[in-house]
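Here's the structure, in structure tokens; my notes come after.
In the numbering used here, the protein residues as written are 19 to 277.
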């Protein structure tokens, strides 16, 4: 039996070195592996290159690592809701590789599937393909580094000819993900929208570390209900069902006084 459980988040992330690359699950604040992020913050790891849909908010999710100056590069599709992200990017402290959301998802999936690259129509005719997107500013309003020109080719699919841009897969040193349930073999079940980028991030990491709200014994999960097989997961910790889950932007309606 392969038991992949670790005693704590601190132990599970202890060997992540300075300068490591990470694929991190989550969308907004949904499905953030906050226990693993907090443990990584506490141990002082810096110079991280992080691939994630976004970078949390100023005081939650990946935002806590960003605020502490631990992230040197972000590969993301959305950078809103985080003023410190904007400040670091415009000042030249942070490198940003802005990637269309679907393309980012496929780059992670491809990396985990052993696919080196793929062609997509997304980004054709824009700076995504033609280059010139700012990746790093010089701190005084100029662009210090811009995105390169990508290979664009013409293909015919179902009788329709079109241009497609080549996108390379993403593989990272580690992956940090959150799941609802997991067994000791690393099989994971995600909860509704918290599934988001978590399975894809897990696939892309050479070493995947998963935090789960509930740890069960092998055989307790219905095989048809497993969202990510344990072959992609190397370490698993239990964080409990009472772990804090924040809402990025709560919207409520005014009470009408009616039941």
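Idealized CB from N, CA, C, for every residue including glycine. The structure presented is a predicted model; accordingly, all values stated were derived computationally and were not measured.
Taking 8 Å as the cut-off, the Cβ atoms of residue 52 and residue 83 do not count as close. Straight through space, the alpha carbons of residue 206 and residue 122 are spaced by roughly 22 Å. No Cβ-Cβ contact shorter than 8 Å links residue 103 with residue 137.
Along the length of the segment 75-144, whole alpha helix (DSSP H) runs at least 4 residues long occupy 81-85, 101-109 and 119-131, reported in chain order. Non-local C-beta neighbours of residue 229 in its own chain, meaning closer than 6 Å and more than five positions away in sequence, comprise 51, 53, 54, 196, 255 and 257, ordered along the chain. By the criterion of a C-beta distance shorter than 7 Å, residue 76 is surrounded in its chain by 85, 100, 101 and 102, once the five residues flanking it on both sides are discounted.
A straight-line Cα-Cα distance of about 32 Å links residue 124 and residue 235. Here residue 165 is not bridged, per DSSP, to any residue. In the DSSP assignment, the residues bridged to residue 199 are 207 and 232.
Taking a cut-off of 8 Å for Cβ pairs, the segment 179-190 and the segment 152-167 do not touch, as fewer than three such pairs fall below it. By DSSP's assignment, residue 179 forms a beta bridge with 174. In this structure, the beta-carbon distance from residue 272 to residue 227 does not fall below 8 Å.
From the listed residues 231, 139, 232 and 209, the smallest Cα separation to residue 168 is found for 139. Distance check between residue 202 and each of 237, 187 and 69 places 237 closest, using alpha-carbon atoms only.
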